[in-house]
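In terms of UniProt numbering, the sequence shown has 233 at position 233, counting the first letter as 1, and numbering is strictly consecutive.
Beneath this line is the structure, given in structure tokens, with notes to follow.
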Amino acid sequence: SQFEEIVYKVKLEQKGSCWGGWITREKTILNGISGVVYPGEILAMLGPSGSGKTTLLTALGGRLTGKLSGKITYNGQPFCGAIKRRAGFVAQDDVLYPHLTVTETLLFTALLRLPNSLSRDEKVQHVERVIAELGLTRCRNSMIGGPLFRGISGGEKKRVSIGQEMLINPSLLLLDEPTSGLDSTTAQRILTTIKRLASGGRTVVTTIHQPSSRLYHMFDKVVLLSEGSPIYYGSASAALEYFSSIGFSTSMTVNPADLLLDLANGIGPDFIHSVEQVESTEQEQKSVKDALISAYEKNISTRLKAELCNSDVNSGMNAKEPSARNDKSEQWCTSWWHQFKVLLQRGVRERRYEAFNRLRIFQVISVAVLGGLLWWHTPASHISDR
């Protein structure tokens with residue numbers, strides 16, 4: 001999977017100073033970002049909040065609307081609907097039904113997303129395999145849980161979200177901050193699971209906000225963003241050496257992720273351990289960012305273009321021919337009637353504790369009986385009182 005010169009702009013409307021009119025201007029969210037990631041690798045996107053990590057990940061997943069330019073290819077083919085169906089996307093927030101168990105959640109996902117060519121028993125086997133692979137056996141019969149009642153843990157919810165995408169056996173897996181809100185031990189378990197999935201030949205791209213040193217060294221490649229512009233792309237283990245070579249040297253004992261995020265915020269190593277960090281002006285931070293962007297264009301951009309060209313050649317040799325197959329895969333995996341039945345069954349299962357408890361049934365029957373008795377055998381002359 002590779003992306004080349006990705007640029008994304010949005011239109012902003014601001015109230016003008018004269019006559020109260022509105023002025024429309026464009027804001028650049030992503031500014032010329034490139035990279036390539038191969039099967040079996042994990043590419044991590046780092047950067048401070050608002051740097052464009054999630055926007056770039058959404059663009060790679062084909063889920064971004066608006067003014068997007070650049071080139072996104074997968075195995076030498078443009079990213080299209082057929083490829084999108086074979087890619088898994090795990091959002092930052094776990095959107096799960098609280099009253100369903102782990103097994104029910106994955107089973108309904110399998111019934112909806114796996115093709116009709118598979119029998120129900122085969123889909124159940126897929127679910128069992130994913131549960132075992134993600135270590136969810138212990139909590140398989142536990143409810144997901146929600147704000148009103150406790151269910152499985154945050155790490156287990158994240159693994160369930162990953163499991164929903166693993167059911168389609170994706171060759172490309174995109175994850176948006178999979179470790180946010182988790183403690184360091186749980187975060188490492190999640191990333192260890194992701195690393196194991198990547199070692200099976202999958203391409204994994206993830207955003208991550210502030211990884212520990214242990215998590216950082218589990219990544220193969222890193223893209224570092226600062227206000228939508230790239231300031232580093234390359235091996236995770238070579239990042240400190242690169243920044244030292246351009247004049248931003250620091251102690252080798254520091255967490256590499258902390259240094260990268262400080263640099264992306266425009267805070268140089270000289271200020272990291274001093275009081276002057278607090279007093280550094282916006283102008284100083286801007287000069288650091290400009291220096292990093294200039295160094296990227298000078299040192300990394302040329303090498304990256306050569307890597308992208310080589311990747312294009314290799315992808316062209318290994319590309320699979322069939323366009324007819326792509327057309328076929330554009331169709332929905334299941335019929336609308338099958339989807340309706342599965343969704344209805346899932347809705348009933350989800351509401352069974354809310355809609356079918358004894359108190360609710362008693363209330364409905366009581367109101368119906370009282371309302372019926374109130375107007376029972378009312379004379380026709382009293383019709384205006386009804």
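All C-beta atoms in this analysis are idealised placements derived from N, C-alpha and C, irrespective of residue type, glycine included.
Measure the C-alpha to C-alpha separation of I293 and L259 and round it to an integer number of angstroms.
16 Å
Where the alpha helix (DSSP H) through A44 begins and ends:
Counting along the chain, A44 falls outside any alpha helix (DSSP H), though it belongs to the beta strand (DSSP E) covering I42 to L46.
Host alpha helix (DSSP H) of I231 (start-end):
No alpha helix (DSSP H) holds I231; the beta strand (DSSP E) holding it covers S229 to S235.
Would you list the residues sitting across from L225 in a DSSP beta bridge?
Note: L225 sits in a beta bridge opposite P230.
Among the candidates A82, D93 and S171, whose CA atom is the shortest distance from the CA of L182?
D93
Terminal residues of the alpha helix (DSSP H) in which D121 lies
R120 to E133
Coarse secondary structure for N31, derived from DSSP in three states:
strand
Please name the residue, chosen from V10, K15 and L30, that lies closest to F3 on a Cα-to-Cα basis.
L30
Return the CA-CA distance between L43 and H209, expressed in angstroms with no decimal places.
14 Å
Could you pull out every residue in the same chain whose Cβ sits closer than 6 Å to the Cβ of C333, ignoring the five residues on either side in sequence?
P115
Spatial neighbours of S323 within its chain, please: C-beta separation below 8 Å, excluding the five flanking residues on both sides.
For S323, the pLDDT reaches just 42, beneath the cut-off of 50, and the residue's location in the model is therefore unreliable, although a value from the coordinates is still provided. There are no such residues.
Nearest to A236 by CA position, among G66, L224, I152 and G200, is which residue?
L224
Decide if the region 102-109 is in contact with the region 130-143; the criterion is three or more beta carbon pairs, one per stretch, under 8 Å apart.
Touching, yes.
Would you mind reading off the limits of the beta strand (DSSP E) that contains Y38?
Element bounds for Y38: n/a, residue is neither H nor E.
Whole-Å CB distance - G163 paired with V130, under 8 Å assumed:
Sure, about 5 Å apart at Cβ, within 8 Å.
Segment contact flag, the region 106-113 with the region 70-84, C-beta cutoff 8 Å, min 3 pairs
no
P78 (DSSP reduced to helix, strand or coil):
strand
Tell me whether Q188 is buried or exposed, calling it buried when 16 or more other Cβ atoms sit within 10 Å of its Cβ.
buried
According to DSSP, is T192 helix, strand or coil?
helix
If you follow the alpha helix (DSSP H) that Y216 is in, where does it begin and where does it stop?
Taken as a continuous stretch (DSSP letters only), the alpha helix (DSSP H) holding Y216 covers S213 to Y216.
C-alpha distance - R346 paired with D176, whole-angstrom precision:
26 Å
For a test of the three-state rule: what should DSSP assign to F362, helix, strand or coil?
helix
Using alpha carbons as the reference points, say which of K341, Y8, K158 and K27 lies closest to Q14.
For the residues K341, Y8, K158 and K27, the minimum Cα distance to Q14 belongs to K27.
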